[in-house]
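Engineer:
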Amino acid sequence: MSMKNKKILVGASAGISIYKTCLLVRLFIKQGVEVRVVMTENAAKLISPVVFRSLTRSPVYISMFDSEEGLEHINLAKRADVFVLAPATANTIGKIAHGIADSLLTTIILALPEKTPLLIAPAMNDNMWKNVFVKENIAKIRQRKNYYIAGPKTGVLADGTEGEGRMAEPEEIFKVVKKILENEKKRFKK
Ligand SMILES: Cc1cc2nc3c(=O)[nH]c(=O)nc-3n(C[C@H](O)[C@H](O)[C@H](O)COP(=O)(O)O)c2cc1C
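Going by our numbering, the sequence shown opens with residue 465, and the numbers climb by one from there.
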């Protein structure tokens, strides 16, 4: 199935694996996907929004209150065929699970129509991933309709130790999104 002209919103929170998100965005762009990137303020401290702006040749959204339009979050949420949160930090996962909307990214996720698939790619230290509260938060998010998860994987983590918490590779996330879009197409044909 062609992904051309599909609209994908990529949300990036402040995990070190955000560098992999650049590769993921490139994979989408190569397929003719219309990609918009939303970052948390903390994510923009790890990597410059200019990188995503250049890759997508489109504005990058960070702040809730600097848009002329004011209701940008609702429009972005409405337009998306899929929302991909990669990396999904423990912090942002916690906020989603509790319906917290204190940033543009978390507000968009909360405003995302239920029919719009939400794919999250958690990435964190293995102690964080094993933490009982993170587990509870993931279990809560699973209650959402059209929820998908990619990873995390076991392997070498950013601190050099082995464990479960590595973000899924861009190619894998890409494949999951492709599948989601294919299934959506079938669903709407019925
Ligand atoms: C260099 C660096 C790497 C980090 N990597 C991660 C990570 O992979 N996963 C995670 O959950 N938190 C990570 N953190 C901690 C988060 O950035 C921190 O919890 C932050 O509050 C998350 O904000 P956000 O969820 O709003 O983006 C990292 C912090 C730093 C400074």
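Note that CB positions come from ideal geometry on N, CA and C, so glycine has one too. Computed from a predicted structure; not experimentally measured.
For PHE670, name the three-state secondary structure that DSSP assigns.
Structural biologist: Nothing can be reported for residue 670, as the shown portion of the chain is limited to 465 through 654.
Engineer: With DSSP as the reference, label ILE472 as helix, strand or coil.
Structural biologist: Strand at ILE472.
Engineer: With ALA550 and MET631 assumed to form a contact (beta carbons below 8 Å), what rounded beta-carbon distance in angstroms separates them?
Structural biologist: Their Cβ separation, rounded to whole angstroms, is 6 Å, which keeps ALA550 and MET631 in contact under 8 Å.
Engineer: Around the C-beta of MET465, are 16 or more other C-beta atoms found within 10 angstroms, so that it is buried, or is it exposed?
Structural biologist: With fewer than 16 other Cβ atoms within 10 Å, it is exposed.
Engineer: So what does DSSP say about GLU626, is it helix, strand or coil?
Structural biologist: GLU626 falls in the strand class under three-state DSSP.
Engineer: Could you give the C-beta distance for HIS537 and ALA575, rounded to a whole number, given that I count them as a contact under 8 Å?
Structural biologist: 6 Å between Cβ atoms; contact.
Engineer: Look at the alpha carbon of GLU524 and the alpha carbon of ARG608, and state the distance between them as a whole number of angstroms.
Structural biologist: Sequence inspection shows Val at residue 524; the Glu mentioned does not correspond to that position. Taking the straight line from one Cα to the other gives about 26 Å.
Engineer: How long is the line joining the alpha carbons of ARG543 and PRO577, rounded to whole angstroms?
Structural biologist: When rounded, the distance between both Cα atoms is 10 Å.
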